[in-house]
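Novice: Chains as they are written, first to last, in this note's numbering: chain A, 11 to 418; chain B, 23 to 332. Positions of the beta carbon are idealized from the N, C-alpha and C atoms, including for glycine. To start, I am sharing the structure in question, which I have written as C-alpha cells.
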C-alpha cells in the first residue's frame, strides 16, 4: 500500500514539475535613470530569449537595442534618453502575461516591442490595453489578434493598444497556397499543424485557399510540440501519396519533422510559414531540407535599399546573434514607438497621460522604415503586405519570389 | 499499401528507448524505493557526454566506426559520474528520511542539471546537432529502418541480455536481488548494501547513456531539456511494466512506444474518433493505457517484485 501512495504522490509532483518549468522567468534588470538631467523613456521588449526559439528572440532584442542606441545618438527626441528593458517570455503565454504586468507597473515604460508568438500575444493584449500601453509586435501573424476572433466574417478590433509591423496569416497562408499550387504545381497536400494559435491558423488559411484553387488534401495531422518523435506521422504522410506537406508551426518541430518525413521515404517538399524561415531549421532538418519552402513577411532585407544602413549598423553593433527573420520588423517597431513618443513629448516633458497619448499617436505614425513604409490601418495591422517565398538551396535559404497577395 | 508493419517498427524503436531509460528508474526503485526523477537528466548528460567526445576530444572527421564506441564510453562515464555523484551527495544524506524528502531532492536535482547544462555547456541554449552515421536506410520488405536506428536495434537487446546476466549470474547481481528483497537481512548476511546501491545507480546511468546516444543518433540533435519528457515517459514505462522489475521496464517501454505510435496512426480511423487520433493525442492514449493497466493489474504488466516485502 505504501508503494502505491508513493506513486500517486510522485505522479502529482510530476504534474507540478511540468507546470513549474513552464513559468520560471529570468529577469534581466538593468533599468533606472542614469541619464543626466533628461528624462528616460523605457521601451520594453518581450521575446523568447532562452529556449528553442531564442535564436529569433535574441535577434528581436538586439534590433530594438540598435534602434534605441541610434535614437539616442541622433537625439531624435529632445531631452529624452531611450532605454531598453528586455524580458524573456520563453515562448510561454503565462510568462508573457507576467512580463506584461511587470512592464505596465513601471511608469517609465511608454511602449513595448513584442512578443514573437501569437499565442503569447493573446495573453498580453488585455493587460497592455487596460493600461493603454502601446504594444507593437514585429512578428505576430495570427489575424484574430487585430481583427477579432470572427475575422473571416466580421472584422472588429478588440484592443486599441495593439499594433504590428508583420502582415497576417490571412494573407500569408493563401500566398503560400497560390505559390504551391500555381507555380510549384503541387496538387495533393498533407497538412500538419502544432495546434497553437499561429500554426493552426496558418494551416487553416492555407488549406482554404489550396482547396479553392482546386487542390486536394490527402490527410491532416496535429503534432505535439513537446515531443520529437514524428515517425508515426511520417509513415502516414508517405502512405498518403501526397506530393507536398504544409506545416503550420515553428522550426524546432518543423526541422525534425521534415527530416523524419524524408527519412520515411517520402521525397516531397515541406512548406511552412515565417516561423520556419530560420537558419536553425536547416540545421535541424539536415541535408533532407533541400527544396523545402517557406513564406515570410516582407522582402528579404539584404535586397532592400532601405535596409542597407540597418544591416551595416547591426554588423557594427557587434551582436553575437543574427538579426533573424524579424530583426528589421523589430527595428521598425521600436522606431514606430520612438516616433510616437516624439509626437507626445516636448522638451523632455512627459505628460501625465503619456501612455494613452502615445497609443493614439501610433495610429498616425508613418515613416519609411527598414522594411518599407511603416504605417497602420484601422485594425492596427501594417499597411505593408509584402511577402516572399524562400527555398532551401545548398544548405541556406534563398529567395524564390517576392510579391503581394492579391485576391481572396 | 499496408503501413502496419512500419508503424509497429516505429513504435518498437521508440519503446526501446523508453525501456533503456526505464531500467534505471526501476532498478533504483527496486533497491532503495526512490523514484529518481533526475534520471531523465542523467540520460541527457549521457548524450552530452557522447557529444563532448565527438566534438571536443576526437579530431574532426573521425569515422563513426571509430568514434561511436568512444562516444558511448564517454557518455557512459559522464552519466555514471553524475549518477554516482547524485547518489553520494543528494540522496545518501537523506537515506532514512521520509520518502518525500529524496523525491523532492530528485526534482530539484533534475532542474539543477538542466540549468547547469543550459548555462555552461557551449551553445547548449538551443538544440545542438549530434553526429550521424552515414549510409542509406535499410529495407526489409515494406519496412524501412533508418541508419540512426540501427544502433538502437543492436544496443537495446544487448543491454538487456547483459543486465539479465549480471543480475542473475554474478555475485554482485545476487547481492542486488538480496538487497531488493530485504536490505537489513542482506546486510546481516554480509552484503555491502551501500556498494550495491551505488552499483544500481551506476548501472541505471549506463543504460540511460546508451539511450541518450541512441536518441542523438535517431533524431540528429540533443538539447538540455531532452531528458524531461523522456524521463516522464520512461517512468511511466517502468510503472506500466511493474516498477522494480527490470524485465517489466523493457516490456513497459515497448508497450508504451507501440501504444503511442498505433494511437497516432489508427485512432482517427475509428468511427467518431477523428478528433482524438492525431499525434498530439498520443500521450493521452499512453496514459489511458497506464490507467487501465493500473486499474486491472495494479502491480503492472509483469508485477512488482518488491511488493511482497513489507
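Identify the residues that DSSP records as bridge partners of residue 97 of chain A: which are they?
Specialist: A:56
Novice: Taking only the alpha-carbon atoms, compute the straight-line gap between residue 46 of chain A and residue 77 of chain A and give it to the nearest angstrom.
Specialist: Caution applies to residue 46 of chain A, whose pLDDT of 49 falls short of 50 and renders its modelled position unreliable; the value that the coordinates give is listed next. The alpha-carbon atoms of residue 46 of chain A and residue 77 of chain A are separated by roughly 21 angstroms.
Novice: What are the residues that DSSP puts in a beta bridge with residue 409 of chain A?
Specialist: A:400
Novice: Would you say the segment 77 to 86 of chain B touches the segment 192 to 204 of chain B, given that touching needs at least three Cβ pairs under 8 angstroms?
Specialist: no
Novice: Strictly below 8 angstroms CB to CB, what residues from chain B border residue 217 of chain A?
Specialist: The premise fails here: residue 217 of chain A is roughly 15 angstroms from chain B at the closest Cβ pair, so nothing lies under 8 angstroms.
Novice: Output the boundary residues of the beta strand (DSSP E) element that contains residue 174 of chain A.
Specialist: Taken as a continuous stretch (DSSP letters only), the beta strand (DSSP E) holding residue 174 of chain A covers 172 to 174.
Novice: Only counting the same chain, and skipping five residues up and downstream in sequence, which positions put a Cβ closer than 6 angstroms to that of residue 94 of chain B?
Specialist: Taken in chain order, the residues that qualify are 235.
Novice: The segment 230 to 248 of chain A: which residues have C-beta closer than 7 angstroms to a C-beta of chain B, in chain order?
Specialist: 231, 232, 233, 234, 236, 237, 238, 239, 240, 241, 242, 243, 245 and 246
Novice: With a CB to CB cut of under 8 angstroms and the five nearest residues on each side skipped, what residues in its chain are close to residue 300 of chain A?
Specialist: 402, 403, 404 and 405
Novice: Just to confirm my understanding: we take residue 249 of chain B, look at its own chain, exclude 5 residues before and 5 after, and list those with CB closer than 6 angstroms. What are they?
Specialist: 62, 63, 65 and 66
Novice: So, are the CB atoms of residue 140 of chain B and residue 134 of chain B less than 8 angstroms apart?
Specialist: no
Novice: Nearest to residue 33 of chain B by alpha carbon, out of B:301, B:208, B:212 and B:320?
Specialist: With distances taken between Cα atoms, residue 33 of chain B lies closest to B:301.
Novice: Relative to the C-alpha of residue 230 of chain B, which residue among B:31, B:261, B:158 and B:72 is closest?
Specialist: B:72
Novice: Throw me the rounded Cβ distance for the residue 189 of chain A and residue 304 of chain A pair, which I believe falls under 8 angstroms.
Specialist: Not really, about 11 angstroms apart at Cβ, beyond 8 angstroms.
Novice: State yes or no: is the beta carbon of residue 291 of chain B nearer than 8 angstroms to at least one beta carbon in chain A?
Specialist: no
Novice: Does the distance from the C-beta atom of residue 58 of chain A to that of residue 100 of chain A stay below 8 angstroms?
Specialist: In contact: residue 58 of chain A and residue 100 of chain A (Cβ atoms closer than 8 angstroms).
Novice: So that I know if they touch, is there some Cβ in chain B lying closer than 8 angstroms to that of residue 71 of chain A?
Specialist: Cβ-Cβ to chain B under 8 angstroms: no for residue 71 of chain A.
Novice: Thinking residue 244 of chain B and residue 318 of chain B are a contact (beta carbons under 8 angstroms), I'd like their distance in whole angstroms, please.
Specialist: That pair is no contact at about 37 angstroms.
Novice: At a CB-CB cut-off below 9 angstroms, which residues of chain B make contact with residue 290 of chain A?
Specialist: 148 and 149
Novice: Check whether the Cβ atoms of residue 282 of chain B and residue 308 of chain B sit closer than 8 angstroms, and answer yes or no.
Specialist: The answer is yes: Cβ separation under 8 angstroms.
Novice: Relative to chain A, which residues along the segment 135 to 147 of chain B have a C-beta separation below 7 angstroms, given in chain order?
Specialist: Flagged, chain order: 147.
Novice: Using beta-carbon positions only, say whether residue 342 of chain A and residue 151 of chain A come within less than 8 angstroms of one another.
Specialist: No, they are not a contact pair.
Novice: Give me the subset of the segment 183 to 214 of chain A whose CB atoms are less than 7 angstroms from a CB atom of chain B, sorted by chain position.
Specialist: 205
Novice: Using a Cβ cut-off of 9 angstroms, pull out every chain B residue sitting near residue 272 of chain A, in sequence order please.
Specialist: Those within 9 angstroms of residue 272 of chain A in chain B number zero; the least Cβ separation is about 10 angstroms.
Novice: Select from A:125, A:136, A:102 and A:142 the residue whose C-alpha is nearest the C-alpha of residue 371 of chain A.
Specialist: A:142
Novice: Would you check if the distance between the CB atom of residue 193 of chain A and the CB atom of residue 253 of chain A is smaller than 8 angstroms?
Specialist: no
Novice: Should residue 321 of chain B be labelled buried (16 or more other beta-carbon atoms within 10 Å of its own) or exposed?
Specialist: buried
Novice: From residue 310 of chain B to residue 114 of chain A, what distance separates their C-alpha atoms?
Specialist: Their Cα atoms are separated by approximately 43 angstroms.
Novice: Taking DSSP as the reference, what is the three-state secondary structure of residue 271 of chain A?
Specialist: helix
Novice: Can you confirm whether residue 302 of chain B, when its beta carbon is compared against all beta carbons of chain A, has any partner nearer than 8 angstroms?
Specialist: yes
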